[in-house]
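Note that the protein sequences, when read in sequence, are chains D and W.
So the first sequence is residues 12 to 122, counted in our numbering.
So the second sequence is residues 87 to 383, counted in our numbering.
The beta carbon of each residue, even a glycine, is placed where N, CA and C say it ideally should be.
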Amino acid sequence: MNYGRELLKGNTDSLLLCLISRQPTYGYQIVKELEKRSNGYFQFKEGTLYPALHRLERDNLITAKWQILPNGQQRRYYYITERGQQVLANRLATWQDFSTAVKAVTQAETI
Amino acid sequence: MGSNISHYLNKFKACLKIDQTIRDGVAEELYAHLEDKSRELEENGLSKEEASEIAVQSLGSPELIAQQIYETHAQGSWKEALFSALPHFLVALLFTSYYWQNVVYVSIILALTVGIAIYGWHRGKPIWLFPWLGYYLMPVVVTGILLLSLPQGWGWIAALIYIPLALFVFIHIVRQTARRDWLYASLMLAPMLVTFSWFSSLGTGSELLANDWMASLQTNALWIVISFIALAAATIAFIRLKPRRHKIMSLLIPPLVILFSVTMASRGNIDYWGWLILLFALSAFAIPVWMQARAYQ
Chain D
12 MNYGRELLKG
22 NTDSLLLCLI
32 SRQPTYGYQI
42 VKELEKRSNG
52 YFQFKEGTLY
62 PALHRLERDN
72 LITAKWQILP
82 NGQQRRYYYI
92 TERGQQVLAN
102 RLATWQDFST
112 AVKAVTQAET
122 I
Chain W
87 MGSNISHYLN
97 KFKACLKIDQ
107 TIRDGVAEEL
117 YAHLEDKSRE
127 LEENGLSKEE
137 ASEIAVQSLG
147 SPELIAQQIY
157 ETHAQGSWKE
167 ALFSALPHFL
177 VALLFTSYYW
187 QNVVYVSIIL
197 ALTVGIAIYG
207 WHRGKPIWLF
217 PWLGYYLMPV
227 VVTGILLLSL
237 PQGWGWIAAL
247 IYIPLALFVF
257 IHIVRQTARR
267 DWLYASLMLA
277 PMLVTFSWFS
287 SLGTGSELLA
297 NDWMASLQTN
307 ALWIVISFIA
317 LAAATIAFIR
327 LKPRRHKIMS
337 LLIPPLVILF
347 SVTMASRGNI
357 DYWGWLILLF
367 ALSAFAIPVW
377 MQARAYQ
């Protein structure tokens, strides 16, 4: 089992919510943004993004709207909902606590 | 649209057995993604063909995406699962309390079923609709069978006027449901198969209207209730389970319970035609397994 991949899998929803909370965005832009912000660390099969987005939409954490660009191309933009913002805030707080605890334990061991 | 992209999207759509509107929407979204990716690669100097090939590869297996999207949309909530199972529980209640002999109770349940089925049909066919639809179709079929049992002469009139109309309604609804997903058609027809299994085990032909047949129905009420409870449990499992193969397996619960119940109730005393109709009705439950196996080939 790839530990890094498992960690990413467990936190995909939080990462997506975080990106969408910053600005309404669409699938391809999310992929690019994740790669850019993580300096290439987060790379996954792009197709797996859409089931995750649809799951978040089903759980009312995000909503989606089709928009037509001036060149006629259509894109499905995702927006975070109020519930999504609450869930994100809770998850970030939990992650912060978890990260602090892990750091405290591992640092204590290295002393 | 490049041939790589269109081939990819066709494969994706063929694998995804969900509501056509949702399926087309997801395919459109993937198309927009592939277009963006291809355009970017072309700007970096790749040919159109190479760009679309790489775009398709980075998106990953269309079967896997279809499966994951299916699992997102095919799993109903607990509320939907219980509402789907409600008609089975109502029928079980009719037999538990012998209300099936009371015209008022039966009429109320029938009116409720028809109302809910029509409401759901015109509200985008939600996942909870299909068992209700099965009971909605049941009177259509049963009326046809009873009309054929009328004295000579009348039966032919029924066959000429009623049956073509009933068949049209039946086939239209089954086709519309199967177009969305044939698994839903199986779920819809399940109560009918359970009912026919019991009909066939308790008597055939003119015995259907005989008084001793009604008495036999009453004697076996407990086993009939168990069959409908099994159907309700299978429906809840079907709606709640995510993977498609698990949904199919859940549809195999009722035939096993019914076969056991019918054999116990009749102590194996079923005539040749009874067994034939019973096994035919029960084998119809295995159709989804057979179709899925074919789809995987």
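Check, Outcome
"Residue-level contact to chain D via CB, residue 154 of chain W, 8 Å cutoff", "yes"
"C-alpha gap between residue 95 of chain D and residue 175 of chain W, whole angstroms", "36 Å"
"The region 178-186 of chain W / the region 80-94 of chain D touching (three or more Cβ pairs under 8 Å)", "no"
"Cβ-Cβ distance between residue 116 of chain W and residue 61 of chain D below 8 Å", "yes"
"Residues that residue 91 of chain D bridges to, as DSSP identifies them", "D:73"
"Start and end residues, alpha helix (DSSP H) containing residue 342 of chain W", "339-352"
"Same chain only: Cβ atoms within 7 Å of residue 249 of chain W, ignoring 5 sequence neighbours per side", "230"
"Contact set between the region 52-80 of chain D and chain W, restricted to residues whose Cβ is under 7 Å from the partner", "56, 57, 58, 59, 61, 62, 65, 66, 69"
"Simplified DSSP state of residue 86 of chain D, which is helix, strand or coil", "strand"
"Spatial neighbours of residue 259 of chain W in its chain, beta-carbon cut-off 7 Å, leaving aside the 5 residues before and after", "219, 223"
"Interface flag, residue 48 of chain D vs chain W, CB-CB below 8 Å", "no"
"Chain D residues whose Cβ lies nearer than 8 Å to that of residue 127 of chain W", "What residue 127 of chain W touches in chain D: nothing, since even the nearest Cβ is about 12 Å away."
"Backbone CA spacing between residue 215 of chain W and residue 166 of chain W [nearest angstrom]", "9 Å"
"Residues near residue 306 of chain W by beta carbon distance below 6 Å, same chain, minus five either side", "351"
"Any 3 or more C-beta pairs closer than 8 Å across the region 16-25 of chain D and the region 103-119 of chain W", "no"
"Residues near residue 263 of chain W in its chain [Cβ-Cβ closer than 8 Å; skip 5 each side]", "211, 216, 219, 270, 271, 274"
"Within 8 Å, strictly: CB atoms of residue 325 of chain W and residue 213 of chain W", "yes"
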